[in-house]
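Engineer: Numbering (this note's numbering), first residue to last: 547 to 918.
Even glycine gets a Cβ: it sits at the ideal position worked out from N, Cα and C.
Below is one structure. I have some questions about it.
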Ligand SMILES: [Zn+2]
Ligand SMILES: [Zn+2]
Ligand SMILES: [Zn+2]
Ligand SMILES: [Zn+2]
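Here it is, written out as structure tokens:
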């Protein structure tokens, strides 16, 4: 042959005969061989050789492939008719004059079909891919999906920042190599951001929902106990105070707090643990002679519950002298977001305090809580 490729002689399916057994009887049927190398002109070539020579040529996909179907009865006469689908495009009338090899070239260079969506990916394939992605992006310490704040070792292993702080050595626990100083690539960043997001707090296993407030109220935040300064998880603080600081009263929804004010001209803070409507609060009494203000601050402690109700705190002072008409009453709507404790403050002018301090140097604060 002087021409290369499969174009020198037009493809024509080689026909022949074969025999099959139907209903126990041997029958002769005609067959068509759609493999181009079954033609005498090409029988000295391998399919690969022909395909290579054909790659530059144009094929055709002007007719969308649709499997040809036919029905035939099974060997058993009682069996219902079954339909047979031919997945080979050359079984279509439009392509029956072409060998399979003639069709692919254009298909190979076909543009990506952008109309496909992820919905076309079968669920099992999708889940398998997700498993692989979650495995290669897992944190080498907690062995779960790496958190948004992560670090990588020089071998690209992931380690959550919070998990990294718990390591005794500053090297990757898997490959023992140092951590990389390079910023993760934009691509890696995008992949991590696209994966299910875990709460940023160490030991918390919660996966965040979109627009989730969980992290703000997560009970796994480490806090300092106001009394002994030790690190305690928010969710454990009430139990900690109850067991470790038995000398402290835990106040409830209707409490009169009695403080002895002996050093009025110094700065001091008194802490009052309070538990109202499933919410633990530190109620701090702060005396500041320089600003001439006596203040009360309410600090809600995150315990893992996102508050659904509003809590109001009503603070009242009554004069010690019955003829005195000086009163102090104010109600504060508490912001239960633990990061907004500064907003939960009540200020009392220190000039008012002498009206409320009795002979024993005590001041009685009545605090009542209500919710809606
Ligand atoms: Zn981790
Ligand atoms: Zn590593
Ligand atoms: Zn959490
Ligand atoms: Zn403590």
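1) Listed in chain order, which residues are found with a beta carbon closer than 5 Å to a heavy atom of ligand 1?
2) In whole angstroms, give me the CA-to-CA distance for residue 920 and residue 563.
3) Would you say residue 820 and residue 831 are within 8 Å of each other, going by their C-beta atoms?
4) Helix, strand or coil for residue 562, going by three-state DSSP, please let me know.
5) For residue 880, which of helix, strand or coil comes out of DSSP?
6) Mind listing, in chain order, the residues whose beta carbon lies closer than 6 Å to a non-hydrogen atom of ligand 4?
7) Between the beta-carbon of residue 849 and the beta-carbon of residue 780, is there less than 8 Å?
8) Return helix, strand or coil for residue 540, following the three-state DSSP convention.
9) Can you tell me which residues form a DSSP beta bridge with residue 770?
10) So the alpha helix (DSSP H) residue 720 belongs to, where does it begin and stop?
11) How about residue 749 and residue 771: are their beta carbons less than 8 Å apart?
12) Go through the segment 819-880 residue by residue and report every complete run of the beta strand (DSSP E) that reaches 3 residues or more, in order.
13) Rank 799, 802, 774 by C-alpha distance to the C-alpha of residue 789 and give the top, closest one.
14) How long is the line joining the alpha carbons of residue 756 and residue 740, rounded to whole angstroms?
15) Check whether the segment 889-908 touches the segment 798-809, counting contact only when three or more Cβ pairs, one atom from each stretch, lie closer than 8 Å.
16) What number of angstroms, rounded off, separates the C-alpha of residue 840 from the C-alpha of residue 783?
17) Buried or exposed: where does residue 875 fall if 16 or more other Cβ atoms within 10 Å of its Cβ makes it buried?
18) What are the boundary residues of the alpha helix (DSSP H) that residue 709 is part of?
19) From the DSSP output, read off the bridge partner residues of residue 725.
20) Beta carbon of residue 814: closer than 7 Å to some heavy atom of ligand 3?
21) Considering residue 732, what are the terminal residues of the alpha helix (DSSP H) in which it resides?
22) What's the C-alpha gap between residue 683 and residue 801?
23) From this set, 878, 897, 895, which residue's C-alpha is nearest residue 933's C-alpha?
24) If I follow the unbroken beta strand (DSSP E) through residue 803, where does it start and stop?
25) By Cβ distance, which residues of its chain are closer than 7 Å to residue 743, with the 5 residues on each side in sequence left out?
26) To the nearest angstrom, how far is it from the Cα of residue 766 to the Cα of residue 901?
27) Any heavy atom of ligand 3 closer than 7 Å to the beta-carbon of residue 778?
28) Taking the CB atoms as reference points, tell me whether residue 709 and residue 688 lie closer together than 8 Å.
29) Say the cut is 7 Å; is the CB of residue 764 nearer than that to a heavy atom of ligand 3?
30) To which residues does DSSP link residue 911 through a beta bridge?
Structural biologist: In short, the structure shows the following:
1) Listed along the chain, these residues meet the criterion: 685, 687, 688, 706, 709.
2) Outside the shown range of the chain, which is 547 to 918, sits residue 920, and nothing can be said about it.
3) Your numbering for residue 820 matches position 274 in the chain shown. Your numbering for residue 831 matches position 285 in the chain shown. No, the pair does not count as a contact, with Cβ atoms beyond the cut-off.
4) Locating residue 562 in the chain shown gives position 16, where the first residue counts as 1. If DSSP states are grouped into helix, strand and coil, residue 562 belongs with the strands.
5) Taking the first residue of the chain shown as position 1, residue 880 is located at position 334. Here residue 880 sits in coil by DSSP.
6) For ligand 4, residues qualifying as neighbours are 771, 773, 774, 776, 786, 790, 791, where qualification means a beta carbon closer than 6 Å to at least one of its heavy atoms (chain order).
7) Position 303 of the chain shown, counted from the start, is the residue given in the question as residue 849. Position 234 of the chain shown, counted from the start, is the residue given in the question as residue 780. In contact: residue 849 and residue 780 (Cβ atoms closer than 8 Å).
8) The question about residue 540 has no answer here: the residues shown for the chain are numbered 547 through 918.
9) Counted from its first residue, the chain shown places residue 770 at position 224. Partner(s): 777.
10) Looking up residue 720 in the chain shown gives position 174. Looking at the DSSP string, residue 720 is not in any alpha helix (DSSP H), and its letter there is neither H nor E.
11) The residue labelled residue 749 in the question sits at position 203 within the chain shown. The residue labelled residue 771 in the question sits at position 225 within the chain shown. It is not a contact, given that the beta carbons lie outside the stated cut-off.
12) Considered as a whole, the segment 819-880 harbours 825-834, 839-846, 857-863, 874-879 as its complete beta strand (DSSP E) runs of no fewer than 3 residues, in chain order.
13) In the chain shown, counting from the first residue as 1, residue 789 sits at position 243. With distances taken between CA atoms, residue 789 lies nearest to 774 out of 799, 802, 774.
14) Within the chain shown, residue 756 is the residue found at index 210, counting from 1. Within the chain shown, residue 740 is the residue found at index 194, counting from 1. Straight through space, the alpha carbons of residue 740 and residue 756 are spaced by roughly 12 Å.
15) Taking 8 Å as the limit for Cβ pairs, the verdict is that the segment 798-809 does touch the segment 889-908.
16) Against the chain shown, residue 840 aligns to sequence position 294. Against the chain shown, residue 783 aligns to sequence position 237. As the crow flies, the alpha-carbon of residue 840 is around 26 Å from that of residue 783.
17) As a working mapping, residue 875 is identified with position 329 in the chain shown. When all chains shown are included, residue 875 counts as exposed.
18) Counted from its first residue, the chain shown places residue 709 at position 163. Unbroken alpha helix (DSSP H) run through residue 709: 707-711.
19) Here residue 725 corresponds to residue number 179 of the chain shown, with the count starting at 1. For residue 725, DSSP records a beta bridge to 699.
20) As a working mapping, residue 814 is identified with position 268 in the chain shown. Incorrect: residue 814 has no Cβ contact closer than 7 Å to ligand 3.
21) Residue mapping note: residue 732 aligns to position 186 of the chain shown, counting from 1. Here the alpha helix (DSSP H) through residue 732 covers 732-740.
22) Counted from its first residue, the chain shown places residue 683 at position 137. Counted from its first residue, the chain shown places residue 801 at position 255. If you draw a straight line from the Cα of residue 683 to the Cα of residue 801, it comes to about 52 Å.
23) Nothing about residue 933 can be read from this structure; the chain reaches only from 547 to 918.
24) Within the chain shown, residue 803 is the residue found at index 257, counting from 1. DSSP places residue 803 in the uninterrupted beta strand (DSSP E) bounded by 800-806.
25) Residue mapping note: residue 743 aligns to position 197 of the chain shown, counting from 1. Excluding five sequence positions before and after residue 743, the CB atoms of its chain that fall closer than 7 Å to its own CB belong to 694, 753, 754, given in chain order.
26) One-based indexing of the chain shown puts residue 766 at position 220. One-based indexing of the chain shown puts residue 901 at position 355. Their backbone Cα atoms lie some 43 Å apart in a straight line.
27) Stepping through the chain shown from its first residue, residue 778 is reached at position 232. Relative to ligand 3, the beta carbon of residue 778 is positioned no closer than 7 Å to any heavy atom.
28) On the chain shown, residue 709 is found 163 positions in, with the first residue counted as 1. On the chain shown, residue 688 is found 142 positions in, with the first residue counted as 1. Yes; because the gap between Cβ atoms is below 8 Å, this pair is in contact.
29) In the chain shown, the residue the question calls residue 764 occupies position 218. Between ligand 3 and residue 764, a heavy atom-to-CB distance of less than 7 Å is present.
30) Numbered from 1 along the chain shown, position 365 holds the residue referred to as residue 911. Within the DSSP secondary-structure output, residue 911 pairs in a beta bridge with 803.
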